[in-house]
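**Q** Each protein sequence line maps, in turn, to chains G and E. Per this note's numbering, residue 34 is the first one in the first sequence, and the count goes up by one each step. Per this note's numbering, residue 328 is the first one in the second sequence, and the count goes up by one each step. Structure incoming, see below.
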Amino acid sequence: MPGLSLTCPQCRAPLGAAESASGVFHPCPGCAAPTRVRLYPAALRALAAGAAAEPLVVESEAACFYHPQKRAAVHCQGCGRFLCSLCDVQIGLEHLCPGCLDARRAQGSQAELVRQRPLYDSAALMIALVPLLLWPLTFITAPAAIAVALYGWSKPGSLVRGSRIRLLLAIGFSLLQILGWTLAIAAILRGAF
Amino acid sequence: MYRRLPGRSLAFTGYHRLYQGPDHLLLASETGFSERYKRFFFRDVQAMVLRESKAQWVWNAIWGGLLLLCLAVWALALGLSSSVEVGWLVFGGIMTALVAAPLAVNVLLGPTCHCYVVTAVQTERLPCLKRLKTAERLLQAIEPLIDSAQGAFSEQDLALLSAPPPDPARETPSAVPPRIHEAGLRADSGRLHRWLVGFLLADLPFTTLVFLAPSWGYVVGTLLFSATAILAIVVAARQRGTNLPGTLRALPWLTLALLAAHQISAVAYAVFAGAQGRPGLLMGMLAMEDPMVRGMSVVSTVLSLLLGVFGMVNLRGWPPGPGAPPRPPGSAPQTPP
Chain G
34 MPGLSLTCPQ CRAPLGAAES ASGVFHPCPG CAAPTRVRLY PAALRALAAG AAAEPLVVES
94 EAACFYHPQK RAAVHCQGCG RFLCSLCDVQ IGLEHLCPGC LDARRAQGSQ AELVRQRPLY
154 DSAALMIALV PLLLWPLTFI TAPAAIAVAL YGWSKPGSLV RGSRIRLLLA IGFSLLQILG
214 WTLAIAAILR GAF
Chain E
328 MYRRLPGRSL AFTGYHRLYQ GPDHLLLASE TGFSERYKRF FFRDVQAMVL RESKAQWVWN
388 AIWGGLLLLC LAVWALALGL SSSVEVGWLV FGGIMTALVA APLAVNVLLG PTCHCYVVTA
448 VQTERLPCLK RLKTAERLLQ AIEPLIDSAQ GAFSEQDLAL LSAPPPDPAR ETPSAVPPRI
508 HEAGLRADSG RLHRWLVGFL LADLPFTTLV FLAPSWGYVV GTLLFSATAI LAIVVAARQR
568 GTNLPGTLRA LPWLTLALLA AHQISAVAYA VFAGAQGRPG LLMGMLAMED PMVRGMSVVS
628 TVLSLLLGVF GMVNLRGWPP GPGAPPRPPG SAPQTPP
C-alpha cells in the first residue's frame, strides 16, 4: 500500500488500515490508548517524483544559469535568470531561483517563507506595563517602551495579528507614565511636597 | 489572510494557536517576544490522529482530592470548635469554591486528547488541541479544505482500506516503515528512578530520626523532603521521550502527588491549629508531640515506603538485556526468570 504507514504517535506501533478508515476510536495495538484516525487520500498516494532537468540538445537553446548543460524551463521572477526544472522553486504562483529564495527568506518579505518574527508590539507593551509593579523603574522604562514601539512600527509584525493595537497601547501607557512623572517633578520643583 | 481556528493553549513552551491559511494550516507559537510558525499544507495532510489522554482524570483526581480535603478540614474545624464562627464558615466556603470551580470547569470541558497531524515526512503534535470537543470542531473546519485540495478516495483506495490488515507476526523488520526506526524513543537505564526510589525508602530512617531527636531531625527531614521533590521534578522532566514503561513513568508523578498531599495537609492542619490558639504549628514548627502531626508523619512514611517498594518492583529487570524483544512503552517490564 503506497504511503499508508501510519503509526501510533506515542508508541510507534503500526495502526491497521481498517482501523484507520473506520473513523472511530480503537485501542492502539501497542499502548492500548483509544486512538482515532481520520485518513485522507494523500495517505494512499505515492509521493510525486521531483522533476529532472533535461540536457541541452542544440547549443542555441537557452540554458540554466546554474547548470549550463541543462535546458532552461522557466525564468526566475525575482532576478530574471533562466532556470532548469531542478533549480526552479515554485512559491505560490511565482517561480524563483535558489538565490532569490534565500534573499526573500532573509528579508522576511514573503509571508509563505517566514518561519519566525520578532514581536515588537508585545515587547513594547510588556516594557510599558510590567515595571508598574516597581513603579520607580517607569522613569526609565516608559521612554524605552516608546522607543521600542516606534522602532517596531514599520517592521513586519505577527503574521496572524494585523493590527497595531498593542503598539498604540504601549505608547499610550508610556505617555501617561511620562505625564505622571512630569507632574510629579513639576510639583516637587514648586515645593508642593 | 489568516483565519483563527478553534484551540489555543498556554504552556511552558509558549502560547499556541491554529490559523487557517489559503492552502495550509498554520501553527503559531508565541514564545516571549517572538512568534514561530509551522505550516501544514492541506494537499500534504495524510491523516489527523486523535489519541485520548488521561489528563482530565488526573486533574479531576487532583481537584477532587483537594475538594475533599477542604471539606474535611472545614467539617473538622466546625466539629471541634465549641461555637460556630461566621469567619470560619466564610473562609471554608471561599476555599471550597476556589477548588470546586476548576473541578467543575474540567468536567464540563470534557475528555482530553492529543491531536497529531500526519504528513509523508512528519508526525507533529498540535499542542493547542487538548480537548476532544475542540479537536472535533477543528476537524469540521478543515476537512472540507483538505477534501477540496486532495479530492475524494478512488475506488482503488477504498479497496485498499477495506482489505484485511496484514498479519504482524509475519512482518519482518525490513517491512517496518523507515520512519518508525528514525523516530525511535531514547533508551533510559532508569538510573534517576533508582535514586528516587532510594530517597523514598530513606524516609523511614529519617522519620525515625525526627521522632528520636526532633530538634535537628526536623531540619534533616525537611532537607530530605525538598531533595525528593526536586529529584522527582527532574526525573519527570528527563523521562519524556524515553522507552521507560508506563509504571516507571508514573513513579515521579506519584511521588510529587504524595509530597503535595503531605504538604497541603500539614499546612491545612497548621492553619487549623493556629485558629485553635496554637500558633507554633502555624509558623511551620510542627511539634512531634502533637498526635495529629505524629499520625500524619507515620501515614506519609508508610506511603513513601509503599511507593519505594512499587518502584523497586518495577525497576527489577530494567533495562532489558540486549537480546530482549522490543517492547512498546506503557506495558509492564519483563522480569528475569
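In this text, a Cβ means the ideal position worked out from N, Cα and C, and glycines have one as well. Computed from a predicted model, the values in this text were never measured in an experiment.
(1) Could you pull the DSSP bridge partners for residue 74 of chain G from this structure?
(2) Rounding to the nearest angstrom, what Cα-Cα distance links residue 219 of chain G and residue 213 of chain G in this structure?
(3) Is any non-hydrogen atom of the ligand NAD found closer than 8 Å to the C-beta of residue 373 of chain E, if you look at the structure I gave you?
(4) According to DSSP, is residue 100 of chain G helix, strand or coil?
(5) Between the stretch 516-534 of chain E and the stretch 469-477 of chain E, can you find at least three pairs of beta-carbon atoms closer than 8 Å?
(6) Compute the distance between the beta-carbons of residue 348 of chain E and residue 366 of chain E, then report whether it is under 9 Å.
(7) Which chain E residues are close to residue 68 of chain G, counting only those with a beta carbon under 8 Å from its beta carbon?
(8) If you compare alpha carbons, which of E:416, E:356, E:404 is closest to residue 452 of chain E?
(9) Residue 187 of chain G to residue 368 of chain E, Cα distance in whole Å?
(10) Quick check on the burial criterion: 16 or more other C-beta atoms within 10 angstroms. Buried or exposed for residue 135 of chain G?
(11) Pair every Cβ in the stretch 378-389 of chain E with every Cβ in the stretch 419-434 of chain E, then say whether three or more of these pairs are closer than 8 Å.
(12) Can you give the Cα-Cα distance for residue 396 of chain E and residue 599 of chain E, rounded to whole angstroms?
(13) Hey, would you say residue 155 of chain G sits closer than 9 Å to residue 178 of chain G, going by beta carbons?
(14) The beta strand (DSSP E) with residue 338 of chain E in it runs from where to where?
(15) Report the residue ranges of all beta strand (DSSP E) runs contained in full by the stretch 176-211 of chain G; include only those spanning at least 3 residues, in chain order.
(16) Using the C-alpha atoms, what's the distance from residue 97 of chain G back to residue 358 of chain E?
(17) Quick one: does residue 574 of chain E have its CB under 9 Å from some CB of chain G?
(18) What is the rounded straight-line gap between the Cα of residue 332 of chain E and the Cα of residue 90 of chain G?
(19) Got a sec: which bits of the stretch 183-208 of chain G sit with their beta carbon under 7 Å from any beta carbon on chain E, in order along the chain?
(20) Rounded to the nearest angstrom, how far is the Cβ of residue 353 of chain E from that of residue 329 of chain E, given a contact under 8 Å?
(21) If you follow the beta strand (DSSP E) that residue 129 of chain G is part of, which residue opens it and which one closes it?
(22) Which same chain residues, not among the five before or five after residue 420 of chain E, have their C-beta less than 7 Å away from its C-beta?
(23) Go to residue 356 of chain E, then tell me how far its alpha helix (DSSP H) extends in each direction, as first and last residue.
(24) May I have a chain-ordered list of the alpha helix (DSSP H) segments no shorter than 4 residues that lie completely inside the stretch 526-589 of chain E?
(25) With a threshold of 8 Å on Cβ separation, who are the neighbours of residue 585 of chain E within its own chain once the five nearest residues in sequence on each side are excluded?
(26) Counting C-beta neighbours from all protein chains within 10 Å, is the total for residue 191 of chain G 16 or more, i.e. buried, or is it exposed?
(27) Just to make sure I have the definition right: I need the residues of chain G whose C-beta is within less than 7 Å of the C-beta of residue 336 of chain E. Which are they?
(28) So for residue 418 of chain E, helix, strand or coil by DSSP?
(29) Residue 357 of chain E versus chain G: which residues are under 9 Å apart at the beta carbon?
(30) Looking at C-beta atoms only, is the number of pairs between the stretch 121-130 of chain G and the stretch 101-110 of chain G that lie closer than 8 Å three or more?
(31) Taking residue 58 of chain G and residue 71 of chain G to be in contact with their CB atoms under 8 Å, please state how far apart those CB atoms are, rounded to whole angstroms.
(32) What three-state label does DSSP hand residue 460 of chain E in the structure shown?
(33) Would you say residue 41 of chain G lies against chain E (beta-carbon separation less than 9 Å)?
(34) Is residue 127 of chain G close to chain E? Criterion is C-beta to C-beta, closer than 9 Å.
(35) Cβ closer than 7 Å: which chain G residues qualify as neighbours of residue 482 of chain E?
(36) Rounded to whole angstroms, what is the Cα-Cα separation between residue 541 of chain E and residue 533 of chain E?
**A** By the coordinates alone:
(1) Counted from its first residue, the first sequence places residue 74 of chain G at position 41. Partner(s): none; residue 74 of chain G has no beta bridge.
(2) Residue 219 of chain G sits at position 186 when you count from the first residue of the first sequence. Residue 213 of chain G sits at position 180 when you count from the first residue of the first sequence. One C-alpha to the other measures close to 10 Å.
(3) This structure does not include the ligand NAD; it has no bound ligands of any sort.
(4) Here residue 100 of chain G refers to the residue found at position 67 of the first sequence. In the structure shown, residue 100 of chain G sits in coil (DSSP, three-state: anything other than H, G, I, E or B).
(5) In short, these stretches do not touch, since the Cβ pair count stays below three.
(6) Counted from its first residue, the second sequence places residue 348 of chain E at position 21. Counted from its first residue, the second sequence places residue 366 of chain E at position 39. Contact: yes.
(7) Here residue 68 of chain G refers to the residue found at position 35 of the first sequence. Residues of chain E with a Cβ closer than 8 Å to the Cβ of residue 68 of chain G are, in chain order, 376, 377, 378, 379.
(8) In the second sequence, residue 452 of chain E corresponds to position 125, counting from 1. Scanning E:416, E:356, E:404 for the CA closest to the CA of residue 452 of chain E turns up E:356.
(9) Counted from its first residue, the first sequence places residue 187 of chain G at position 154. Counted from its first residue, the second sequence places residue 368 of chain E at position 41. If you take the alpha carbons of residue 187 of chain G and residue 368 of chain E, they lie about 30 Å apart.
(10) Taking the first residue of the first sequence as 1, we reach residue 135 of chain G at position 102. It counts as exposed.
(11) Counting Cβ pairs under 8 Å, three or more are found: they touch.
(12) Taking the first residue of the second sequence as 1, we reach residue 396 of chain E at position 69. Taking the first residue of the second sequence as 1, we reach residue 599 of chain E at position 272. One C-alpha to the other measures close to 13 Å.
(13) Within the first sequence, the letter at position 122 stands for residue 155 of chain G. Within the first sequence, the letter at position 145 stands for residue 178 of chain G. Result no, Cβ atoms of residue 155 of chain G and residue 178 of chain G do not sit closer than 9 Å.
(14) The count along the second sequence starts at 1 and reaches residue 338 of chain E at position 11. It spans 330-338 - the beta strand (DSSP E) in which residue 338 of chain E sits, taken as one unbroken run.
(15) Qualifying beta strand (DSSP E) stretches: none in this window.
(16) By 1-based counting over the second sequence, the position of residue 358 of chain E is 31. By 1-based counting over the first sequence, the position of residue 97 of chain G is 64. The C-alpha of residue 97 of chain G is placed about 42 Å away from the C-alpha of residue 358 of chain E.
(17) Against the second sequence, residue 574 of chain E aligns to sequence position 247. Taking Cβ atoms only, chain G never reaches closer than 9 Å to residue 574 of chain E, which makes this a no.
(18) By one-based count along the second sequence, residue 332 of chain E stands at place 5. By one-based count along the first sequence, residue 90 of chain G stands at place 57. Computed Cα separation, rounded: 52 Å.
(19) Cβ contacts with chain E: 191, 192, 193.
(20) Residue 353 of chain E sits at position 26 when you count from the first residue of the second sequence. Residue 329 of chain E sits at position 2 when you count from the first residue of the second sequence. Correct: roughly 6 Å between the Cβ atoms.
(21) The sequence position of residue 129 of chain G within the first sequence is 96, counting from 1. Per DSSP, residue 129 of chain G belongs to the beta strand (DSSP E) from 127-129.
(22) Along the second sequence, one-based indexing puts residue 420 of chain E at 93. Cβ neighbours of residue 420 of chain E within its own chain (closer than 7 Å, five residues either side excluded): none.
(23) Taking the second sequence and counting its residues from 1, the one referred to as residue 356 of chain E is at position 29. Annotation: residue 356 of chain E is outside any alpha helix (DSSP H); the continuous beta strand (DSSP E) that includes it extends over 351-358.
(24) List check, alpha helix (DSSP H) in window: 530-539, 541-565.
(25) Taking the second sequence and counting its residues from 1, one reaches residue 585 of chain E at position 258. Excluding sequence neighbours, residue 585 of chain E sits near 627, 630, 631, 634.
(26) Here residue 191 of chain G is taken as the residue at index 158 of the first sequence, counted from 1. By the 10 Å Cβ count, residue 191 of chain G comes out buried.
(27) Here residue 336 of chain E is taken as the residue at index 9 of the second sequence, counted from 1. What residue 336 of chain E touches in chain G: nothing, since even the nearest Cβ is about 15 Å away.
(28) Stepping through the second sequence from its first residue, residue 418 of chain E is reached at position 91. Assignment of residue 418 of chain E by DSSP, reduced to helix, strand and coil, places it in the helix class.
(29) Here the question's residue 357 of chain E lines up with position 30 in the second sequence. For residue 357 of chain E, the chain G residues whose Cβ falls inside 9 Å of its Cβ are 152, 155, 191, in order along the chain.
(30) Here the stretch 121-130 of chain G lies against the stretch 101-110 of chain G, with 3 or more beta-carbon pairs under 8 Å apart.
(31) Here the question's residue 58 of chain G lines up with position 25 in the first sequence. Here the question's residue 71 of chain G lines up with position 38 in the first sequence. Not confirmed; about 12 Å, so no contact.
(32) Mapped onto the second sequence, residue 460 of chain E falls at position 133. Residue state, collapsed to three classes: helix.
(33) The residue you call residue 41 of chain G lines up with position 8 of the first sequence. Taking Cβ atoms only, chain E reaches closer than 9 Å to residue 41 of chain G, which makes this a yes.
(34) What you label residue 127 of chain G is simply residue 94 of the first sequence in a count that begins at 1. Answer no: the Cβ-Cβ gap between residue 127 of chain G and chain E never drops below 9 Å.
(35) Along the second sequence, read from residue 1 onward, the residue named residue 482 of chain E stands at position 155. Neighbours of residue 482 of chain E in chain G, taken as residues whose beta carbon is under 7 Å from its own, are absent, since the nearest beta carbon is some 12 Å off.
(36) Here residue 541 of chain E refers to the residue found at position 214 when the second sequence is read from its first residue. Here residue 533 of chain E refers to the residue found at position 206 when the second sequence is read from its first residue. A straight line joining the alpha-carbon of residue 541 of chain E with that of residue 533 of chain E spans about 11 Å.
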